[in-house]
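Below you'll find the structure, written out as structure tokens, and then a few comments.
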Amino acid sequence: MSGLAKTTFIFTVLLSGCSAAQQSAYNAGNIEGFNHTEYSISDFNINGAMGSTSGTVCCAMIPKKWTPELRAKISWSTINTKGLAPPPNFNKVDDFNKWEQQVKDRTQNHEAIVPIAQYDKSCGLQVHFLPCNEVKVVSSCYWYGMPEYPIQAPKNMKEPTVCPK
């Protein structure tokens, strides 16, 4: 490569580093779940990304700007643990297999498409599981329990005798 070609190549590479980066319409954010029910919910799926009620999971792509048509498809399982004995020791294989079948028998799968509440700034996704298989999704920069947080429902809420349709 000639000296002029090398200089032109290097100059082009340096100038390309000065070009404006294209802004993304999305932010990456954590996914967090909150179980307000009396049933066990350990993990869930939101628009294809995994979430957990026992911690924060990375990451979901969230539009920087909220629009009224924003929806989330949530899939989750509930387990009725009332009266369920704790798991037996793993070395008791038959007992463990029976216990595992009891858990499966008490498990119900659910799915819902819900609106994502209006937000001014995208700060991750928080998924709230409420009685009667109601789900609310917010993107809040505040933490659950703070006065500014958009959902103030307590945890361990009892299921009503009859759920509204």
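Going letter by letter, the sequence shown gives residues -21 to -1, 1 to 144 in mature numbering (1 follows the signal peptide of the UniProt record, and there is no 0). C-beta: ideal position from N, C-alpha, C; glycine also.
Please determine, among the options, the residue with the shortest C-alpha to C-alpha distance to residue i.
{"i": "Pro139", "options": "His15, Glu11, Ala4 and Ile10", "result": "His15"}
{"i": "Cys37", "options": "Ser54, Gly27, Asn68 and Cys111", "result": "Gly27"}
{"i": "Glu48", "options": "Ile20, Asp73, Gln80 and Ala96", "result": "Ala96"}
{"i": "Thr113", "options": "Tyr128, Cys120, Ala132 and Lys61", "result": "Here residue 113 turns out to be Glu, not Thr, going by the sequence shown. Closest by alpha carbon: Ala132."}
{"i": "Ser33", "options": "Arg85, Pro66, Gln105 and Tyr5", "result": "Gln105"}
{"i": "Lys134", "options": "Cys120, Ile20, Asn6 and Tyr98", "result": "Ile20"}
{"i": "Asp84", "options": "Val72, Asp99, Phe108 and Leu63", "result": "Leu63"}
{"i": "Val117", "options": "Asn24, Trp45 and Ala4", "result": "Trp45"}
Once DSSP output is grouped into helix, strand and coil, what is the label at residue i?
{"i": "Tyr121", "result": "coil"}
{"i": "Gln131", "result": "coil"}
{"i": "Asp99", "result": "coil"}
{"i": "Phe(-11)", "result": "A caution first: Phe(-11) carries a pLDDT of 41, below 50, which makes its placement in the model unreliable, though a value can still be read off. Correct three-state label for Phe(-11): helix."}
{"i": "Glu138", "result": "coil"}
{"i": "Pro126", "result": "coil"}
{"i": "Thr16", "result": "coil"}
{"i": "Pro94", "result": "strand"}
{"i": "Gly(-5)", "result": "Note on Gly(-5): pLDDT 47, under 50, position unreliable in the model; the coordinate value appears next. Gly(-5) falls in the coil class under three-state DSSP."}
{"i": "Ala7", "result": "strand"}
{"i": "Lys115", "result": "strand"}
What residue range does the beta strand (DSSP E) around residue i cover?
{"i": "Lys77", "result": "Where Lys77 is concerned, there is no enclosing beta strand (DSSP E), although the alpha helix (DSSP H) it sits in stretches over Val72 to Asp84."}
{"i": "Pro110", "result": "Note, Pro110: premise wrong, no beta strand (DSSP E); not H, not E."}
{"i": "Gly62", "result": "Note, Gly62: premise wrong, no beta strand (DSSP E); not H, not E."}
{"i": "Ala51", "result": "Arg50 to Ile58"}
To the nearest angstrom, report how far apart residue i and residue j are at their CA atoms.
{"i": "Ile130", "j": "Ser56", "result": "22 Å"}
{"i": "Glu90", "j": "Pro126", "result": "30 Å"}
{"i": "Asn70", "j": "Asn76", "result": "11 Å"}
{"i": "Gly8", "j": "Ala51", "result": "15 Å"}
{"i": "Tyr18", "j": "Ile58", "result": "6 Å"}
{"i": "Leu(-7)", "j": "Gln2", "result": "Below a pLDDT of 50, predicted positions are generally treated as unreliable, and Leu(-7), at 40, falls in that range; the measurement from the model is reported next regardless. Distance between the alpha carbons of Leu(-7) and Gln2: 19 Å."}
{"i": "Met29", "j": "Gly12", "result": "10 Å"}
{"i": "Gln80", "j": "Lys43", "result": "44 Å"}
{"i": "Ser101", "j": "Pro110", "result": "26 Å"}
{"i": "Tyr128", "j": "Asp73", "result": "47 Å"}
Please go through the segment 19 to 48 and give each complete beta strand (DSSP E) segment of 3 or more residues, from N-terminal end onward. 22 to 25, 28 to 31 and 35 to 42
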